[in-house]
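S.K.:
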Amino acid sequence: MSPRATGKTSGTRTLVAARRLVVKIGSALLVGELSGRLRHRWLASLCEDVAAIRASGTEIVIVSSGAVAVGRNALKMGRGVLRLEEKQAAAAAGQIRLAHAYQEALARHKLPVAQILLTPADTEERRRHLNARGTVETLLRLGVVPVINENDSVATEEIRFGDNDRLAARVAQMISADMLVLLSDIDGLYTADPDRVKTASFIPEVADITPDIEAMAGDAAPGYASGGMVTKIAAAKIATRAGCGVVIASGQKAHSLAAVGVRGRCTWFLPTSTPITARKQWIAGAVTLAGTITVDAGAARALTQGKSLLPAGVTAIDGAFDRGDAVAIHAVGGKQIGSGLCAYSAADARLILGHKTREIEALLGYRGRDEMIHRDDLVLDHARGCGKMG
């Protein structure tokens, strides 16, 4: 066993300690393998757990598999292997049924629901990343539970082995979640596949995902589940590097989300930093800066105090950049003092520079963000390498 698989118990960890939680639900939990129908009682227990965790102050995003499985049953497509266009048709039929099931189950707890359809590209390409992140964060601020699905009805190569595990990790990375729970028919990580190797040992905690840890993963399980331990380890690697802890736990029993950290087995993967630090390390490491924003002395002081950059403090825009691009921040005189992701294109930034936030809509014809660069998307040069980012 790798020395980074600590063998420690996870006794006192609970999900209610998380500020922002992403929960991924596997198809095998939501859909009966033989019937092809939604398991409404199981979903009701999950939503009861979600409501209890939300009541404690934790924000929750659900990433749900199951659209293809539900849709193929609704369209009476049988149990054989589906061609790509048949998977897409099944997903189109299943997504609306899946969203309605979540809406009904969470409505019992007076929690509104919104559906978002994503592909991995939506979380990787910077402009689309910012749009998706802004949508999810707005929904959370409004008290909504976002239910995110893979956009299988239009995706091509994205419909493949284990995609929703990785999609959930990318969502956690995108919204700076501090905990990701992967609920499936697997209760955690073992040194080998316990169904094949009777002497396999359970690993309750992993401090670092080494090649030894990756080698412990097995193949994808049969049935509706599209992933296996291989994709869960890949998801854990993405999330932990983004500062998000990960739990792999069995969701087969009712109230399995509430049981995480309280009873039953699960494997905890420890984050390697905080979510905000991880995001800012990415920004600090940007090789190409697409343009320059020059700020006045008052704005420069505000940035050193942890504030966001507002249009009123900007004196000049140089370069041609798009919304979401990394740009340099200069003080008057030309010295670079930081860098960040700009919430506006260069053309729009030039229109609003020097103006108050309340004037943005009149100047642009739409209501954009109050900040030109949000403090979470900003790194000061003096902070690089000293552990403090912005």
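Just so you know, we're using our numbering here: the sequence shown kicks off at 654 and counts up by one.
Even glycine gets a Cβ: it sits at the ideal position worked out from N, Cα and C.
For clarity, every value in this text was computed on a predicted model and none was experimentally measured.
Do the segment 700-711 and the segment 770-781 make contact, defined as three or more Cβ pairs closer than 8 Å?
M.R.: Too few Cβ pairs lie closer than 8 Å, so no.
S.K.: With a cut-off of 8 Å on the beta carbons, I'd call alanine 953 and alanine 984 a contact; round off their distance for me.
M.R.: The Cβ separation is near 5 Å, so the contact holds.
S.K.: What span of residues does the beta strand (DSSP E) with leucine 835 cover, start to end?
M.R.: Note, leucine 835: beta strand (DSSP E), 832-837.
S.K.: Around the Cβ of leucine 1033, are there at least 16 other Cβ atoms within 10 angstroms (buried) or fewer (exposed)?
M.R.: Its Cβ being crowded by 16 or more others within 10 Å, leucine 1033 is buried.
S.K.: Taking the continuous beta strand (DSSP E) assigned at cysteine 919, which residues delimit it?
M.R.: Segment 919-922, the beta strand (DSSP E) holding cysteine 919.
S.K.: Which full runs of the beta strand (DSSP E) of 3+ residues lie inside the segment 996-1040, going along the chain?
M.R.: Segments of the beta strand (DSSP E) lying fully in the segment 996-1040: 1031-1033.
S.K.: Following the continuous beta strand (DSSP E) through histidine 983, name the residue where it begins and the one where it ends.
M.R.: Histidine 983 -> beta strand (DSSP E) spans 979-984.
S.K.: Exposed or buried, which one is valine 734 when buried takes at least 16 other CB atoms within 10 Å?
M.R.: Exposed is the call here.
S.K.: Which whole runs of the beta strand (DSSP E) in the segment 739-812 are 3 residues long or more, in chain order?
M.R.: Here the runs fully enclosed are 766-771, 798-803.
S.K.: Give me the Cβ distance between aspartate 805 and glutamine 741, rounded to the nearest whole Å; I'm assuming they're in contact under 8 Å.
M.R.: With 8 Å as the limit, aspartate 805 and glutamine 741 qualify as a contact, their Cβ atoms being about 6 Å apart.
S.K.: Would you list the one or two residues that DSSP bridges to lysine 677?
M.R.: Lysine 677 is bridged to Val716, Leu835.
S.K.: By Cβ distance, which residues of its chain are closer than 7 Å to serine 949, with the 5 residues on each side in sequence left out?
M.R.: Here residue 949 is aspartate; the residue named in the question, serine, does not match the sequence. Cβ neighbours of aspartate 949 beyond the five flanking positions: Gly966, Thr968, Val985.
S.K.: Just how far apart, CA to CA, sit leucine 696 and leucine 1006?
M.R.: When rounded, the distance between both Cα atoms is 49 Å.
S.K.: For glutamate 867, which of helix, strand or coil comes out of DSSP?
M.R.: If DSSP states are grouped into helix, strand and coil, glutamate 867 belongs with the helices.
S.K.: Could you say which of Ile715, Val721, Arg690, Val834 lies nearest to leucine 764 if we only look at CA atoms?
M.R.: Nearest of Ile715, Val721, Arg690, Val834 to leucine 764, Cα basis: Ile715.
S.K.: Hey, is the segment 672-687 in contact with the segment 824-838, meaning 3+ C-beta pairs nearer than 8 Å?
M.R.: Touching, yes, given that three or more Cβ pairs across the two stretches are closer than 8 Å.
S.K.: For serine 717 and lysine 988, what's the separation of their Cα atoms in angstroms?
M.R.: Going by the C-alpha atoms only, they are around 47 Å apart.
S.K.: I think aspartate 702 touches leucine 910, with their Cβ atoms under 8 Å apart; what is that distance to the nearest whole Å?
M.R.: Rounded, the Cβ-Cβ distance is 4 Å, consistent with contact.
S.K.: Could you check whether arginine 916 and proline 857 sit closer than 9 Å to each other, using their CB atoms as the reference points?
M.R.: Cβ distance not < 9 Å, so proline 857 and arginine 916 don't count as in contact.
S.K.: Between the C-alpha atoms of phenylalanine 855 and tyrosine 843, what's the straight-line distance to the nearest angstrom?
M.R.: If I take the Cα positions, the gap works out to 4 Å.
S.K.: Counting only runs of 3+ residues fully inside the segment 928-954, write out the beta strand (DSSP E) ranges in chain order.
M.R.: Fully enclosed beta strand (DSSP E) runs of 3 or longer: 944-948.
S.K.: Give the range of the beta strand (DSSP E) segment to which isoleucine 901 is assigned.
M.R.: Where isoleucine 901 is concerned, the enclosing beta strand (DSSP E) stretches over 898-903.
S.K.: For lysine 1009, I'd like the list of residues in its chain whose CB is within less than 6 Å of its CB, leaving aside the five on either flank, ordered along the chain.
M.R.: Here the set comprises Ala965.
S.K.: If you run the structure through DSSP and keep just helix, strand and coil, what is threonine 844?
M.R.: It is coil, neither helix nor strand.
S.K.: Under 9 Å between the Cβ atoms of threonine 947 and isoleucine 982?
M.R.: Yes, Cβ-Cβ distance for threonine 947 and isoleucine 982 is below 9 Å.
S.K.: State the beta-bridge partners of glycine 991 as determined by DSSP.
M.R.: Answer is Ile982, Leu1033.
S.K.: Suppose the cutoff is 7 Å on Cβ atoms and the five residues either side in sequence are ignored; what does the same chain contact list for proline 656 look like?
M.R.: Note that proline 656 scores 36 on pLDDT, short of 50, meaning its location in the model is unreliable; the coordinates nonetheless yield the value given after this. Excluding residues within five positions, none has a Cβ falling inside 7 Å.
S.K.: What did DSSP end up calling glutamate 858 once you bin it into helix, strand or coil?
M.R.: In this structure, glutamate 858 counts as strand in the three-state DSSP scheme.
S.K.: With H, G and I counted as helix, E and B as strand and the rest as coil, what does DSSP make of proline 875?
M.R.: Because proline 875 sits at a pLDDT of 46, beneath the cut-off of 50, its placement in the model cannot be relied upon, and the point is left open.
S.K.: With a threshold of 8 Å on Cβ separation, who are the neighbours of isoleucine 929 within its own chain once the five nearest residues in sequence on each side are excluded?
M.R.: Within the same chain, isoleucine 929 has close Cβ partners Ser829, Gly896, Asp1029, Met1042.
S.K.: In whole angstroms, give me the CA-to-CA distance for glycine 724 and glutamate 1012.
M.R.: Going by the C-alpha atoms only, they are around 47 Å apart.
S.K.: Could you please give the first and the last residue of the uninterrupted beta strand (DSSP E) stretch that includes valine 967?
M.R.: Per DSSP, valine 967 belongs to the beta strand (DSSP E) from 967-972.
S.K.: Would you identify the three-state DSSP class for leucine 691, choosing helix, strand or coil?
M.R.: Looking at leucine 691 - three-state DSSP - the assignment turns out to be strand.
S.K.: Can you tell me the Cβ-Cβ gap for isoleucine 862 and threonine 893, rounded? I've got them flagged as a contact below 8 Å.
M.R.: Indeed they touch by this definition, with Cβ atoms about 7 Å apart.
S.K.: Based on Cα-Cα distance, which residue from Gly787, Leu820, Ala853, Thr945 lies nearest to isoleucine 886?
M.R.: Answer by Cα proximity: Leu820.
S.K.: Tell me where the alpha helix (DSSP H) around lysine 906 begins and ends.
M.R.: Unbroken run through lysine 906: none, as it is neither H nor E.
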